[in-house]
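K.L.:
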Amino acid sequence: MITKVRKIKKERSWEGAVFGGIFLVLVLGLVGLLTFSNYRMNMRRTDLINEINNLNKEVQLMEEKNSQLKTGITEGQKDIHWEEKIREQGYKKPGEEQVVVLPPAQTSTDAPSEEGNLWQKFLDKIGF
Numbered sequence: 048m049i050t051k052v053r054k055i056k057k058e059r060s061w062e063g064a065v066f067g068g069i070f071l072v073l074v075l076g077l078v079g080l081l082t083f084s085n086y087r088m089n090m091r092r093t094d095l096i097n098e099i100n101n102l103n104k105e106v107q108l109m110e111e112k113n114s115q116l117k118t119g120i121t122e123g124q125k126d127i128h129w130e131e132k133i134r135e136q137g138y139k140k141p142g143e144e145q146v147v148v149l150p151p152a153q154t155s156t157d158a159p160s161e162e163g164n165l166w167q168k169f170l171d172k173i174g175f
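Shown next, in the form of structure tokens:
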């Protein structure tokens, strides 16, 4: 009877080792999977933090540009600004004379010379 108990214990220990090994592989696989997914989430979080920082910088630039445009609008509403724009379009105040300065006339040097360029001379010598 003692012998039978020992055989049963040996069989159970062998089965326990197999199931323990399978359990260990499953646990290690689960730990590996969780570690990998944690690594991916950390990388994604880092990318998103960088994107948030870039977008915050863009928001600051847009706010600065907005404030500059608002100051430009207030400057544009002043009489001096309107007077400059009207004068650029050619209008004048009553009693003023308008003077137009023309650029100096250029002589036409674009006419082709009788001699021609180097390639024309070469082609004329060849007979083309």
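Note that the sequence shown covers residues 48 to 175 in our numbering.
Heads up, the beta-carbon is just placed ideally off N, CA and C, and yes, glycines get one too.
1. Which ranges does the alpha helix (DSSP H) cover as unbroken runs of at least 4 residues, wholly within the region 112 to 174, from first to last along the chain?
2. Can you find the residues in the same chain that come closer than 7 Å, C-beta to C-beta, to Gly67, ignoring five residues on each side of it along the sequence?
3. Might you give, ordered along the chain, the residues of its own chain that have their beta carbon closer than 6 Å to the beta carbon of Val78, omitting 5 neighbours on each side?
P.N.:
On the basis of the data shown:
1. 126 to 135 and 165 to 173
2. none
3. none
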